[in-house]
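Peer 1: If you read the protein sequences in the order shown, they are chains U and R.
Be aware that the first sequence starts at 490, since it is given in the numbering used here, and climbs by one per residue.
Be aware that the second sequence starts at -19, since it is given in the numbering used here, and climbs by one per residue.
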Amino acid sequence: MKISFSINGKSQVLELDGNTPLLWAIRDVLDLKGTKFGCGKAACGACTIHVDGKAVRSCSFPVKMADGKEITTIEGLSKDGDLHPVQQAWKDEIVPQCGYCQPGFIMATAAMLNEIPNPTDEDIDQNIINICRCGTYYRMRKAIHKAAKLQNLQK
Amino acid sequence: MSDKNKSVQKTSSSRRKFLVRGGLGSIGLLALGSCVFINPLRRSALGLSESLVLPYSGKGTDANLWFEFTEENTLIFHSPKVEMGQGTFTGFAQIIADELDLDMNSIIVQAAATDTGILDRFTTGGSLSIAQLYNPLREMAAMMRQMIVNEASKKLGMAVDQLRTREGFIDHPNGSLSYAEALANVTEWKLPKNVALKPSTALKHIGKPIPRIDLHDKIVGAPIFGLDAEMENMLHATIIRPEHIGSSIKSIDFSEAGQMPGVVRVVEGKGWLGIVAESFSQALAARSKVNIEWDIPKVWTEEDLRAYLKVGEGKQMITQKVGAALEDDDEFVSLSFSSPIGAHAQMEPNGAVAEVKDGKATVILSTQSIGATQHSVAKALGFKTKDVNVIGKYLGGGFGRRLDTSHAAEVALIAREIGRPVKFSFTRKEEFQNDMFRPPTHHIVKGRLNEQGGIANLEHHYASGDVAINSLLMPPAMSKMLGTDVGAMRGANIMYGNIANRRAVQWHKTLPFATSFWRSLGLLANTFAIESFIDELAWNNQIDPIALRLKSLGDDETQTRISKVIKLAAEKSNYTNELIGNRAMGFAASIDVGAPCAQVAELSLTNGIVRVEKVTCVFDCGLAVNPDQVKAQCEGSIIMGISAAMHEKMGLKDGRLFPINYGSYDMALMRHSPKEIDVHLIQGLDRPLPVGEPPLGPIGAAIGNALRRLTGTRFTDLPMKLK
Ligand code: FES
Ligand code: FES
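(1) Do the segment 63 to 72 of chain R and the segment 597 to 610 of chain R touch if we need at least three Cβ pairs shorter than 8 Å?
(2) Going by DSSP in three states, residue 610 (chain R) sits in which element: helix, strand or coil?
(3) Buried or exposed, going by whether 16 or more other CB atoms sit within 10 Å of the CB of residue 455 (chain R)?
(4) Return the CA-CA distance between residue 339 (chain R) and residue 251 (chain R), expressed in angstroms with no decimal places.
(5) Less than 7 Å separating the Cβ of residue 121 (chain R) from some heavy atom of ligand 4?
(6) What residues in its chain sit with their C-beta under 6 Å from that of residue 443 (chain R), if we drop five residues either side in the sequence?
(7) Output, in sequence order along the chain, the residues in the segment 626 to 641 of chain U whose CB is closer than 8 Å to any CB in chain R.
(8) Counting along the chain, where does the beta strand (DSSP E) carrying residue 233 (chain R) start and finish?
(9) Measuring only the C-alpha atoms, how far is residue 204 (chain R) from residue 536 (chain U)?
(10) Where does residue 191 (chain R) fall in DSSP's three states?
(11) Let me know the secondary structure DSSP gives residue 105 (chain R) once reduced to three states.
(12) Where does the unbroken beta strand (DSSP E) through residue 369 (chain R) begin, and where does it stop?
(13) For residue 736 (chain R), count the other beta carbons within 10 Å of its own beta carbon; 16 or more makes it buried, fewer makes it exposed. Which is it?
(14) Who are the Cβ neighbours of residue 485 (chain R) in its own chain at under 6 Å, not counting the five residues just before and after it?
(15) Assign residue 205 (chain R) to one of three DSSP states: helix, strand, or coil.
(16) Note down the Cα distance separating residue 542 (chain U) from residue 528 (chain R), rounded to an integer number of angstroms.
(17) Secondary structure at residue 685 (chain R), three-state DSSP: helix, strand or coil?
(18) Within the segment 481 to 525 of chain R, note down every full beta strand (DSSP E) run reaching 3 residues or more, in order along the chain.
(19) Would you say the beta carbon of residue 644 (chain R) comes nearer than 7 Å to a heavy atom of ligand 1?
(20) With 16 as the cutoff for other CB atoms within 10 Å, does residue 233 (chain R) come out buried or exposed?
(21) Give a single yes or no on whether residue 570 (chain R) has its beta carbon closer than 7 Å to a heavy atom of ligand 1.
(22) Quick check on residue 277 (chain R): does DSSP put it in helix, strand or coil?
(23) Apart from the five residues on each side of it in sequence, which residues of its chain come closer than 8 Å, Cβ to Cβ, to residue 603 (chain U)?
(24) From R:598, R:566, R:601, pick the residue whose C-alpha is nearest to that of residue 591 (chain R); which is it?
(25) Hey, would you say residue 358 (chain R) sits closer than 8 Å to residue 393 (chain R), going by beta carbons?
(26) Of all the residues that make up the segment 397 to 408 of chain R, which are near chain U by a beta-carbon distance shorter than 8 Å?
(27) Please compile the residues from chain U whose C-beta is within a distance smaller than 7 Å of the C-beta of residue 641 (chain R).
(28) Taking 8 Å as the CB-CB limit, is residue 127 (chain R) close to chain U?
(29) Can you tell me whether DSSP reads residue 650 (chain R) as helix, strand or coil?
(30) Can you find a C-beta in chain R that's less than 8 Å from the C-beta of residue 571 (chain U)?
(31) Residue 245 (chain R): which of R:231, R:262, R:384, R:377 sits nearest, CA to CA?
(32) Per the DSSP calculation, residue 594 (chain R) is bridged to which residue(s)?
(33) Tell me residue 708 (chain R)'s beta-bridge partners as DSSP assigns them.
(34) Among R:137, R:492, R:632, whose alpha-carbon lies nearest the alpha-carbon of residue 445 (chain R)?
(35) Quick one: what's got a C-beta closer than 6 Å to residue 491 (chain U)'s C-beta in the same chain, skipping five residues either side?
(36) Can you give me the start and stop residues for the beta strand (DSSP E) that residue 375 (chain R) sits inside?
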């Protein structure tokens, strides 16, 4: 079927099986490789993107449901070449190790900060439930608090 | 840094141009003879006999290429080791920046492919990358700098002592020259003799907490991982392989699967079936339509496994023997411990992209063993190894899982059959079911005190499946010769030199499913058993567990280093045996590959929920090339250790390994990780020690010992969970 959406500010029209997970449309059709495949069953968060500003696990989101929506991936998170506050905080705290889970966490965090601009540790525990096997959670928590500050400064 | 990412792309094309236009062959490529390796190899060999650390084993004699200068005066270091998260590429860049006088931003580190550089036959693992390459790389970089100066001196007609190197340039009385300019016409290298290394006071990068060089790529989602690789005109494959332990395919019906949309071909291999389609999701959809009847000779249960693997069963090897053994009629305390099967669960699934064309094969993937992958692909295709090029990308986690890359050969076979490039990835279910697991273990620890309140006897009997034995690093013949599984042995011997009678006995069995290396190997479970036991001995006799440990240590250099981390951890954490409200502390220590580590875990208990609130970690890592990244390794090890000690467990269900996904394989998440991790580094030696694994030693026992104080119960089986 024909599906059209906007992704990172650009409109796209795709012709494919509507049940294809959005993840594969993003990675393999649109060649945006920042969104990762970790489990394919909505269990790890490596594939987290934004659909109309909300965090979505794209591996378990049929592409047909994205029709007419606005999608943002890690590649489109920062505007005009600057780092997004979440990315900046991640950089300041030197969060990544292997790095594979990081785009998913960054997208999940950016979506959370839109809803909860000043998250408490409990908010973070409840909302950031992606998996990082390298165990970067400790630095991530610091980076999330920092990102909240940076984002509030920008407003 | 985004520019740098671009420059990676750019330099690769301009480099080619540079070479072609120059028409001079290997301009800018440094080929070094074996001379450089004699010392490091001998040093490593000595290290091997001391600590069973495998030596760096890259060949120093073939056309080995370490450094490459581009026209833009950028240096590419073709690393014999891959980057899987530990920041080793950053450490390498720091070492090079210092000895070669380069700016960090003009250094690019890439994993050497089989046709662009030398590889380490012993793979990337054991936390050894920096420890092994520190000296060779400094020597090589210093030699390179000297050669550049020599060339500049020839070119300028000026004496060497008139020239000074500075961040990629050579300053001379009349101006300056870039390294690339100095090297522009060099066709043959003269290797200088006796190149001096910089004195430690002149080092500007080594020892500094410099941000990782891959930081930018990793926060913008750059396509740097194995699974991000593509080839033109490629198809996608999924591979069905046996799910039950010891099973094989009896009959298979893929007629319906073959008719599914997008399916191009079904390829039958030895014991597996590949489904090739236009897209990965089409391949997966077709896979669900395959009907297979399995031949399952025995349905393994968890009870079977417990009976099969235990102390007293299998091949017995004494791995430590000092003083006398405890006799059956002696009075002593004995406790039994166990750890479950562990999954690697690295976030990036295994996979590969392969093309076979005109008698040559190219494979791109995330692997810890680029060289071994080349051999296995060549063997499967019946090619000479030189006709197979393996390109290693950044790894989305390794932890030992990617030492085995047998799937690369399967993908290459499929690609040859199809005549088009093929990309393959494990599903997460396959990752969990076909992992090269951490073997389960069983331990019996026995001991008793002497009249002075010290430990008179301590014995550790431990049963484990294969870790090193039968692995890539220890093929059957070598396994047989050694007898002992040196991987299962990590952390198994009693480290306390003052205990007069101590002993460790290994009981080894090969399990009916594949087990292998998992970050820190036997260390996690062995330390859990021994350090929990010592704590119990202290607790039951109202002795301070830290005093008991210190009393048990001797006074040679290593013993003193262990004492130091123990004392400092007690001090920094304000260790106490008393409860503090709803909180308690637990203490443990270990030494792994020469690097002692002590940790204090502070746990809280609220409404039946236990949480690790804080971990204090004191780690003697020798010289920390990048202290920030050493700390990151401590933090990561602690969190992975919490996950293993309190959450993770693979079991058996219907003869299959289970569970098969994240979530049901319970792992530590953000909410389980401590809000405070306080790491203190000690430099007990003047060379770098392995850092990626030793901090995984104490954490399990530190948690168990805190739980003892918090709940009154001694936890002896991992994962530790409140009922
Ligand atoms: S890949 Fe989507 S949640 Fe794991
Ligand atoms: S950084 Fe490796 S999985 Fe998170």
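For glycine and all other residues, C-beta sits at the position ideal for the given N, C-alpha and C.
Peer 2: Quick answer:
(1) For the pair of segments examined, the segment 63 to 72 of chain R was found to touch the segment 597 to 610 of chain R: the number of CB pairs separated by less than 8 Å reaches three.
(2) Note: residue 610 (chain R) maps to helix in three-state DSSP.
(3) Exposed is the label assigned to residue 455 (chain R), since fewer than 16 other Cβ atoms lie within 10 Å of its Cβ.
(4) Between the alpha carbons of residue 339 (chain R) and residue 251 (chain R) lies a distance of about 25 Å.
(5) In the structure on display, ligand 4 does not appear, and the ligands it does have are ligand 1 and ligand 2.
(6) Cβ neighbours of residue 443 (chain R) beyond the five flanking positions: 289, 290, 291, 422, 487.
(7) Residues 626, 627, 628, 629, 630.
(8) Unbroken beta strand (DSSP E) run through residue 233 (chain R): 228 to 233.
(9) It is roughly 16 Å from the alpha-carbon of residue 204 (chain R) to the alpha-carbon of residue 536 (chain U).
(10) Reduced to three states, the DSSP call for residue 191 (chain R) is coil.
(11) In the three-state reduction of the DSSP assignment, residue 105 (chain R) falls in the coil class, being assigned neither a helical nor a strand state.
(12) For residue 369 (chain R), the enclosing beta strand (DSSP E) covers residues 368 to 372.
(13) Here chain R covers residues -19 to 703 and nothing more, so residue 736 (chain R) does not appear.
(14) So the list reads 298, 441, once near-sequence residues are dropped.
(15) Strand at residue 205 (chain R).
(16) The alpha-carbon of residue 542 (chain U) is positioned some 57 Å away from that of residue 528 (chain R).
(17) Here residue 685 (chain R) sits in helix by DSSP.
(18) With a minimum length of 3 residues, the continuous beta strand (DSSP E) runs that stay inside the segment 481 to 525 of chain R are 481 to 488.
(19) No, the beta carbon of residue 644 (chain R) sits no closer than 7 Å to any heavy atom of ligand 1.
(20) Under this definition residue 233 (chain R) is an exposed residue.
(21) For ligand 1, not one heavy atom lies less than 7 Å from the Cβ of residue 570 (chain R).
(22) DSSP places residue 277 (chain R) in coil when its eight states are reduced to three.
(23) Short of 8 Å from the beta carbon of residue 603 (chain U), and not among the five residues preceding or following it, lie these beta carbons of its own chain, in chain order: 542.
(24) Comparing Cα-Cα distances from residue 591 (chain R) to each of R:598, R:566, R:601, the minimum goes to R:566.
(25) Not closer than 8 Å, so no.
(26) If the cut-off is 8 Å between Cβ atoms, the segment 397 to 408 of chain R has 405, 407, 408 near chain U.
(27) Contacts between residue 641 (chain R) and chain U, judged by CB atoms closer than 7 Å, involve 528, 530, 532 in chain order.
(28) False, the Cβ-Cβ gap to chain U never drops below 8 Å.
(29) DSSP places residue 650 (chain R) in the helix class (H, G or I) of the three-state scheme.
(30) So no, residue 571 (chain U) is outside the interface.
(31) Comparing C-alpha distances from residue 245 (chain R) to each of R:231, R:262, R:384, R:377 shows the shortest one belongs to R:262.
(32) Assignment of beta-bridge partners to residue 594 (chain R) by DSSP yields R:582, R:656.
(33) Residue 708 (chain R) falls outside the range modelled here, since chain R spans only -19 to 703, and no answer is possible.
(34) The shortest C-alpha separation from residue 445 (chain R) is found at R:492.
(35) Cβ neighbours of residue 491 (chain U) beyond the five flanking positions: 504.
(36) Unbroken run through residue 375 (chain R): none, as it is neither H nor E.
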